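Structure first, commentary second.
In the numbering used here, the protein residues as written are 433 to 639.
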C-alpha cells in the first residue's frame with residue numbers, strides 16, 4: 433500500500449503535467465488566434481505605395497519650346513555617339529559629358545550601375561539590364577542592411593498613416609533622398625538650441 437507521501441507526490445506530478453499540457457495548448461491557441469486576427473486585419477489595411485521614378489532622367493538643353501517648357505533629351509542621345517569608357521570613375525575623368533559631377537560612391541565606376549549598351553537603363557552586378565524605375569533593386573544588391581531595414585519600415589522617409597487601418601502610406605525610394613553618385617549625407621554641425629524667451633528672465637539678453 434502506498435504511503436501518504438507517495439500519494440501526494442503522484443498527485444503533484446499529475447497536476448503539473450496537466451498544467452504544462454494546458455499551457456502549451458493555450459499558447460498554441462493564442463498563436464492561431466493572433467494569426468487569424470492578423471489575417472482578418474490585413475484585409476482591412478490600406479495599401480503602401482512605394483514611389484518609383486517615372487523613367488530614366490533627361491537632360492535639360494536650356495532651349496524652351498513655344499509653350500515655355502524646357503526641351504530635354506534622353507541620356508542615350510549623346511552617349512550613343514561614343515564608345516563607353518569602363519575606366520571612368522570620377523568627375524575628373526569626364527572630358528565631354530557631366531563635367532564637374534561630384535562622384536563619391538566607394539570604388540564603383542560609372543558603368544558599375546549604368547548599362548553601357550543602353551544609357552537609358554541600369555545594369556545589375558551580374559550584367560542583367562534593369563529598367564530605371566526599378567532602381568531600388570540595383571541599390572539593394574550592395575546595400576543589403578539598409579534594404580532589410582527598409583523592408584521592416586525602419587529606413588526611408590514616408591508620408592501618410594502609421595495606422596494603415598485609417599489610411600494609406602506612401603514611401604520614398606532610395607534616390608528620393610540619396611544622390612546616387614554621392615549617397616552619403618553631408619556632415620552637419622549642431623547648433624545651440626533656440627532660446628525660449630518665456631523661460632528667461634525679463635530683459636535678459638537685451639541691451
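Virtual Cβ for every residue (Gly too), placed ideally from N, Cα, C. The model shown is predicted, which means the values in this text are computed figures rather than measured ones.
Measure the Cβ-Cβ separation of residue i and residue j and say whether it is below 8 Å.
i: residue 484; j: residue 565; result: yes
i: residue 604; j: residue 589; result: yes
i: residue 581; j: residue 488; result: no
i: residue 570; j: residue 545; result: yes
i: residue 490; j: residue 480; result: no
i: residue 543; j: residue 516; result: yes
Tell me, which residues are paired with residue i by DSSP?
i: residue 539; result: 537
i: residue 602; result: 481 and 591
i: residue 556; result: Per DSSP, none; premise fails for residue 556.
Can you tell me whether DSSP reads residue i as helix, strand or coil?
i: residue 570; result: helix
i: residue 584; result: coil
i: residue 614; result: strand
i: residue 464; result: Annotation note: pLDDT 41 at residue 464 (below 50); position unreliable, coordinate value reported separately. Helix.
i: residue 621; result: coil
i: residue 502; result: strand
i: residue 487; result: coil
i: residue 523; result: helix
i: residue 546; result: strand
Could you tell me the alpha carbon to alpha carbon distance between residue i and residue j, rounded to whole angstroms?
i: residue 486; j: residue 628; result: 45 Å
i: residue 549; j: residue 512; result: 9 Å
i: residue 563; j: residue 613; result: 18 Å
i: residue 577; j: residue 592; result: 25 Å
i: residue 530; j: residue 522; result: 10 Å
i: residue 532; j: residue 594; result: 41 Å
i: residue 616; j: residue 535; result: 11 Å
With a CB to CB cut of under 7 Å and the five nearest residues on each side skipped, what residues in its chain are close to residue i?
i: residue 468; result: For residue 468, the predicted structure reports a pLDDT of 47, less than 50, and the residue's modelled location is therefore unreliable. The matter cannot be settled from this model.
i: residue 537; result: 613, 614 and 615
Skipping 5 residues on each side, what residues in its chain have a beta carbon closer than 8 Å to that of residue i?
i: residue 541; result: 518, 519, 520 and 521
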